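**Q** To convert, note that position 228 of the sequence shown is 226 in this note's numbering; the numbers rise steadily by one, no gaps.
Okay, handing you the structure first.
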Amino acid sequence: MSQHPVLVTGAAGFIGFALARRLLEGGRAVVGVDSVNDYYDPALKEARLALLRQFPHFTFHKLDLADRKPVEALFRDGDFGPVVHLAAQAGVRYSLQNPHAYLDANLAGFLNILEGCRHRRTAHLVFASSSSVYGANTRLPFSVHDNVDHPISLYAATKKANELMAHAYSHLYGLPATGLRFFTVYGPWGRPDMAMFIFASAIAEGRPIRLFNYGRARRDFTYVDDVVETVERLIDKAPARAGTTPRGELDPATSTAPWRIYNIGNNHSIEISRIVELLEREFGCKAKTELVPMQPGDVPETCADIDDLMRDVGFRPSTPIEDGVRNFAAWYREYHRR
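What follows is the structure, given as structure tokens:
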């Protein structure tokens, strides 16, 4: 095994699990980290970990990244090379009621990761940002070359802060860092707090579905296999230092430090009500729906400009929503024995 093991934080989470499994199936060793907290059902996280533990080259550490000393020990003593940081407190709506959870996980936890990478001289840090950072931006598709200075949720603000913190460490210490703005990731083993899982559960159990923005909200749904394909291609592709524009301006997506931002999306916006229709078809029953206003912190539409990603990685997420929903529904029925 010639390549260095990869440290994946959030390995019991949705994207972290999917990435770790992809790397392990490809023969690469993975060191996984997760707190396995109860933000959503820990049984789902444990089921993901059980699959990963079947691989001989998977090592797992249960720890909270906000705890400084254990993280320092992990970076001091651990056997790994690149770092993919996917652990975070997720959820726009949850941040309205539980703001301190975001301070601990997304700011203190990320600082501990940055310090670990700095002292270890990590060759490349890949970290999760979010499409939520676009906030009040209205020009679509969302471009990494646009400023994102108007977050409309605390969750988005912490993700924007992560991008800035990583840039500071890239500038000060030469730490190569790549931030990934994920757009509504879905698929098998998905999170129970996300729309796809919530809708499927409600349809299967005969409960009503609340459709925000009166069912007119649109999202750039991105299939999880496309996401992990992209991340895998980026792990060993540390960013180069970029220059300024001819007028001496800095580009929000690049830097004179070894730092880079990419959108990870499908470049296609889909109305939420269409997801309900596809799930109705998969489960063979009609959904009960309630049309309600848009919630605080939400945006009416997201859509990713992925031109830079396609140019630099040679891949574009493109799984049709019909295929992705079919795969998710098949997994959901199997997991819940429905």
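For each residue, glycine too, the CB sits at the ideal point set by N, CA and C.
As the structure is a computational prediction, the values presented were derived from the model and not from experiment.
Just reading off the alpha helix (DSSP H) that residue 224 is part of, what are its end residues?
**A** Residue numbering aside, residue 224 sits at position 226 when the sequence shown is read from its first letter. It spans 222 to 233 - the alpha helix (DSSP H) in which residue 224 sits, taken as one unbroken run.
**Q** List the whole-angstrom C-beta distance separating residue 160 from residue 104, where the pair is believed to meet the contact cut-off of C-beta under 8 angstroms.
**A** Residue mapping note: residue 160 aligns to position 162 of the sequence shown, counting from 1. Residue mapping note: residue 104 aligns to position 106 of the sequence shown, counting from 1. About 7 angstroms separates the two Cβ atoms, so the contact holds.
**Q** To the nearest angstrom, how far is the alpha carbon of residue 16 from that of residue 110?
**A** As a working mapping, residue 16 is identified with position 18 in the sequence shown. As a working mapping, residue 110 is identified with position 112 in the sequence shown. When rounded, the distance between both Cα atoms is 24 angstroms.
**Q** What residues in its chain sit with their C-beta under 8 angstroms from that of residue 83, if we drop five residues either side in the sequence?
**A** To locate residue 83, count along the sequence shown from 1; it is residue 85. Only 7, 8, 108, 111, 123, 124, 125, 126 meet the Cβ criterion.
**Q** Can you round the beta-carbon distance between residue 193 and residue 270 to whole angstroms, since I take them to be within the 8 angstroms contact cut?
**A** On the sequence shown, position 195 is the one that residue 193 refers to. On the sequence shown, position 272 is the one that residue 270 refers to. About 7 angstroms separates the two Cβ atoms, so the contact holds.
**Q** What is the DSSP secondary structure of residue 30, reduced to helix, strand or coil?
**A** Locating residue 30 in the sequence shown gives position 32, counting from the first residue. Strand, per DSSP.
**Q** Is the Cβ-Cβ distance between residue 89 and residue 219 less than 8 angstroms?
**A** For the purposes of this step, residue 89 is identified with residue 91 of the sequence shown, where counting begins at 1. For the purposes of this step, residue 219 is identified with residue 221 of the sequence shown, where counting begins at 1. In this structure, residue 219 does not lie closer than 8 angstroms to residue 89 by Cβ.
**Q** Taking the Cβ atom as the reference point for each residue, do residue 33 and residue 75 lie within a distance shorter than 8 angstroms?
**A** Counting from 1 along the sequence shown, the entry for residue 33 is found at position 35. Counting from 1 along the sequence shown, the entry for residue 75 is found at position 77. No.
**Q** Contact defined as beta carbons within less than 8 angstroms: I believe residue 357 pairs with residue 318. What is the distance between those atoms, to the nearest angstrom?
**A** Lying before the first or after the last residue shown, residue 357 is absent from the chain, which here runs from -1 to 336.
**Q** How should residue 183 be labelled, buried or exposed, when 16 other C-beta atoms within 10 angstroms of its C-beta is the threshold for buried?
**A** As a working mapping, residue 183 is identified with position 185 in the sequence shown. Buried, since its Cβ has 16 or more Cβ neighbours within 10 Å.
**Q** Kindly indicate the opening and closing residues of the beta strand (DSSP E) around residue 262.
**A** For the purposes of this step, residue 262 is taken as residue 264 along the sequence shown, with counting starting at 1. Its beta strand (DSSP E) spans residues 257 to 262.
**Q** What residue does the alpha helix (DSSP H) around residue 113 start on, and which one ends it?
**A** On the sequence shown, residue 113 is found 115 positions in, with the first residue counted as 1. Start and end: 107 to 118.
**Q** My output table needs one value for residue -1: the three-state DSSP class, helix, strand or coil.
**A** What you label residue -1 is simply residue 1 of the sequence shown in a count that begins at 1. With a pLDDT of 42 at residue -1, under the threshold of 50, the modelled position of this residue cannot be trusted; read the value that follows with caution. It is coil, neither helix nor strand.
**Q** Roughly how many whole angstroms lie between the Cα atoms of residue 18 and residue 237?
**A** The count along the sequence shown starts at 1 and reaches residue 18 at position 20. The count along the sequence shown starts at 1 and reaches residue 237 at position 239. Going by the C-alpha atoms only, they are around 22 angstroms apart.
**Q** At what residues does the beta strand (DSSP E) containing residue 208 begin and finish?
**A** In the sequence shown, counting from the first residue as 1, residue 208 sits at position 210. Where residue 208 is concerned, the enclosing beta strand (DSSP E) stretches over 206 to 209.
**Q** At a cut of 8 angstroms, does the region 204 to 218 reach the region 282 to 302 through at least three beta carbon pairs?
**A** With a cut-off of 8 angstroms, the region 282 to 302 and the region 204 to 218 count as touching, because enough Cβ pairs lie within range.
**Q** Quick test of your reading: residue 295 and residue 49, contact by CB under 8 angstroms. State the CB separation rounded to the nearest angstrom.
**A** Here residue 295 corresponds to residue number 297 of the sequence shown, with the count starting at 1. Here residue 49 corresponds to residue number 51 of the sequence shown, with the count starting at 1. The pair is not a contact, with the Cβ atoms about 33 angstroms apart (cut-off 8 angstroms).
**Q** Please confirm whether residue 293 and residue 210 have their CB atoms less than 8 angstroms apart.
**A** Within the sequence shown, numbered from 1, the residue matching residue 293 stands at position 295. Within the sequence shown, numbered from 1, the residue matching residue 210 stands at position 212. Yes, these two residues count as a Cβ contact at 8 angstroms.
**Q** Report all residues from its chain with a CB closer than 7 angstroms to the CB of residue 349; omit the five preceding and five following residues, and keep chain order.
**A** Residue coverage of the chain in this structure runs from -1 to 336, which leaves residue 349 outside it and unanswerable.
**Q** Could you tell me the alpha carbon to alpha carbon distance between residue 205 and residue 13, rounded to whole angstroms?
**A** Taking the sequence shown and counting its residues from 1, the one referred to as residue 205 is at position 207. Taking the sequence shown and counting its residues from 1, the one referred to as residue 13 is at position 15. Distance between the alpha carbons of residue 205 and residue 13: 27 angstroms.
**Q** My guess is that residue 142 and residue 259 are in contact by the Cβ rule of under 8 angstroms, so how many angstroms apart are they, rounded?
**A** For the purposes of this step, residue 142 is taken as the residue at position 144 of the sequence shown. For the purposes of this step, residue 259 is taken as the residue at position 261 of the sequence shown. Right, the Cβ-Cβ distance comes to about 5 angstroms (below 8 angstroms), so this counts as a contact.
**Q** Should residue 288 be labelled buried (16 or more other beta-carbon atoms within 10 Å of its own) or exposed?
**A** Locating residue 288 in the sequence shown gives position 290, counting from the first residue. So residue 288 ends up on the exposed side.
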